[in-house]
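Positions 526 to 795 (the working numbering) are the ones given, in order, by the sequence shown.
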Amino acid sequence: MSEYQAFHVELVDNVAHVRINRPEKINSMNAAFWREITEIFQWIDDTDAVRVVVISGAGKHFSSGIDLMLLASVANELGKDVGRNARLLRRKILELQASFNAVDNCRKPVLAAIQGYCLGGAVDLIAACDMRYCAEDVQFSVKEVDIGMAADVGTLQRLPRIIGDGMLRELAYTGRQFGAEEATRIGLVNRVYPDHAALLDGVMGIAREIAGKSPIAVTGTKAMISYMRDHRVDDGLEYVATWNAAMLQSTDLRVAIAAHMSKQKAEFPD
């Protein structure tokens, strides 16, 4: 693993812990953040020893969203020609989108552990994760409307599938803050923990449980669920039949069945 400016990454028990590591800046997302998260998730996808990912934030807060200095630096690149400005901005936006697409497209399950502020771009990030868990002190906000723009790196595209269209519209139009109780009620988070320490312990426990399963089975399950976001039921059934025609030949199936019958813990190769 490389050393990163905006992250700390460690691999323990087949779980990669990806921690945003700019607590002095409320874990705001600077230029290094956007570049490095793509590199990290490429490493995760390429490394068979990684079976599950946990994303968290160092310090009191998960993330305050995009670093406003980054926005200012982009503004300084604009000139007088509208067409060239539009081309530049579109390219920049697509680059940022690609960073969170790398999270969404990861073959391994990605769990978000969220405490304190989760604002603006941080909501885009957690929307790209498989599951979300939070501490009681969490404060969410789809903040972009308050700085005069529409969210453009995934919130408006992914959250309707998570919390529903009407609720997403309310949060995006108002930019209001909401806490753990409402986040649970609308389905944004799976579970609430009393504090940051309990949050990390709980989420790491879930991650280790998933990591103990067959990586072939977990990868296939994620692939099928992701496929169904954009396809009909009959398309999904056809796809899983084709997928499992190959994957059911894995030795993991025999290992899992033997362990179940003997009431022993199964051990799967990476």
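Glycine residues also receive a C-beta, built at the ideal position from the N, C-alpha and C atoms.
Remember, predicted model here, so these are calculated numbers, not experimental data.
Go ahead and pull the three-state DSSP assignment for R544. strand
Determine the DSSP secondary structure at H756, reduced to helix, strand or coil. coil
Take M554 and list the residues in its own chain whose beta-carbon comes closer than 6 Å to its own, dropping the five residues that flank it on each side. I591, D592 and G646
Just to confirm, is the Cβ distance from A637 to I651 under 8 Å? yes
Bridge-paired residues (DSSP) for A638: Y658
Can you tell me the Cα-Cα spacing of R612 and A600, whole angstroms? 13 Å
Indicate the three-state DSSP secondary structure (helix, strand or coil) for E535 in the structure shown. strand
Any alpha helix (DSSP H) of 4 or more consecutive residues that is wholly inside the segment 602–631: 607–629
Since L681 contacts A697 with CB under 8 Å, what's their CB separation in whole angstroms? 6 Å
Who are the near neighbours of N610 in its chain, counting only those whose CB is closer than 7 Å to its CB and skipping five residues on each side? L603 and G604
Looking at S775: is its Cβ nearer than 8 Å to the Cβ of I750? no
Can you tell me which residues form a DSSP beta bridge with Y764? Partner(s): none; Y764 has no beta bridge.
Starting from Q682, trace the alpha helix (DSSP H) in both directions and tell me its first and last residue. T680 to I688
If we count the other Cβ atoms within 10 Å of its Cβ and call it buried at 16 or more, is K668 buried or exposed? buried
Output the boundary residues of the alpha helix (DSSP H) element that contains R560. A556 to D571
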